[in-house]
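My numbering puts the first residue of the sequence shown at 618, with every later residue one more than the last.
The next block holds one structure in the form of structure tokens; read it before the comments.
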Amino acid sequence: MTDGDPLIEIQGLCKNFGPSVAPVRAVTDVSFTIRKGETVGLVGESGSGKTTIGRMLTRLADPSAGRVIYRGLDQPMDLAAISLRRYRPLRARIQMIFQDPYASLNPRLRIRQIIGEALDTHGLHRGAARLPRIHALLRQVGLGAEHAERYPHEFSGGQRQRIGIARALAVEPEFIVADEPLSALDVSIQAQVINLLSDIREHLGLTMLFISHDLDVVEYLCDRVVVLYLGRVVEIAPTRELYAHPCHPYTRALLAAAPAPDPAQRRDIPLLEGDLPSPANPPSGCVFRTRCPLAQARCASHDMQLRQVGDEHWTACWRDA
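The following block contains the structure:
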């Protein structure tokens, strides 16, 4: 497999919660591909299903339907279909960086024990090689060997997130799901962690799904962007193309809502009004129609599927850009 070949193929992924007679449809018929060596951004409002997708890719949650094809082995494997026992050896290849760096670290363990747990679970760097490997990982994320003997509460939020990144890297993964790794950090620290993730991706050749609501960070870090609304994909495009020529009204509204450096700059696109509809009772037809300024009668009866509007650019809207 070479860079540019598909590593993860997500096909018709769905996740329902609650009773089968009246389920909450958190994710509905999501399909996209993540190529080896690329970083794909997953964006959308809170409640759009971003984290749920990330958790299904790492088997922290089981999908209700769909397939997740992993092509990092000799034979492609559907991660959604195999048992957790068969999936366990793959956890070294597929890791997750969590949103809250404090909640994801055991407060009773020293840092060398937290990182060492990952090494022990997968039988890596045993014996005398264990502690030097932990020290090397800490240095790789901008910390020192002396930090290995401390507890999580002795670190700042940014340092704790670096430890979470070191733990994910400890088992030498091929694919990482980064679930809003900056949202719990101060703005002054976010840039440092962004640069760290960028350097790690470049030096280790990692493939990454970067979940975020910060569109400026996504533009800087990601190669392609998948836009979610109410658990459905509404647009997929290369980053430059998406930011220069957004096609879906929801994508345009998201970009318009991003803070502008110049407060006097006028907005050509009005901000979204109203709340995200309930996933337990989504609107008929296009799920965005209740908030879309361009909605027409046909939008209530046609559930628009993704259609290609450019080179690797897909949108779920019948209107031309």
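Think of the CB as a built atom: it goes at the ideal place given N, C-alpha and C, for glycine as much as any other residue.
Source: prediction; values computed, not measured.
Starting from residue i, trace the alpha helix (DSSP H) both ways and give me its first and last residue.
i	result
V834	L832 to L838
M673	K667 to L674
D816	V804 to L821
T856	T856 to A861
R703	L701 to Y704
How is the beta strand (DSSP E) around residue i delimited, first residue to last?
i	result
P680	Note, P680: premise wrong, no beta strand (DSSP E); not H, not E.
R642	V641 to R652
T907	Segment: none, T907 is in no beta strand (DSSP E) and carries neither H nor E.
N898	Neither: N898 is in no beta strand (DSSP E) and is coded neither H nor E.
R924	R924 to G927
M921	Run containing M921: none; DSSP gives neither H nor E here.
E626	P623 to F634
L659	T656 to V660
R841	R841 to Y846
L826	T824 to I828
Inspect the beta-carbon positions of residue i and residue j and report whether they are closer than 7 Å.
i	j	result
V843	V850	yes
I732	A787	yes
L845	G661	yes
I828	L659	yes
I817	Q712	no
T932	H865	yes
P790	R710	yes
I670	I651	no
T856	K653	no
P693	I686	yes
V758	L847	no
D840	T675	no
H930	E858	yes
G902	H919	yes
Q716	D796	yes
A785	I728	no
H739	R750	no
A762	H770	no
Look up residue i in the DSSP assignment and say whether it is helix, strand or coil.
i	result
L871	helix
P866	helix
C934	coil
L707	helix
R942	A query on residue 942 cannot be resolved here, the shown segment of the chain reaching from 618 to 938 and no further.
Fill in: Segments assigned alpha helix (DSSP H), at least 4 residues, entirely inside the stretch 715 to 794
Those alpha helix (DSSP H) runs which fall completely within the stretch 715 to 794 and span 4+ residues are 728 to 738, 747 to 757 and 774 to 787.
Item to complete: Would you check if there are 3 or more beta carbon pairs closer than 8 Å linking the stretch 725 to 742 to the stretch 771 to 785?
Response: Segments in contact, yes.
Worksheet item: With contact counted as at least three CB pairs below 8 Å, one residue from each stretch, are the stretch 623 to 633 and the stretch 643 to 651 in contact?
Response: Output reads yes: the stretch 643 to 651 touches the stretch 623 to 633.
Fill in: Given 8 Å, three or more beta-carbon pairs between the stretch 800 to 807 and the stretch 764 to 771
Under the Cβ criterion (8 Å, minimum of three pairs), the stretch 800 to 807 does not count as touching the stretch 764 to 771.
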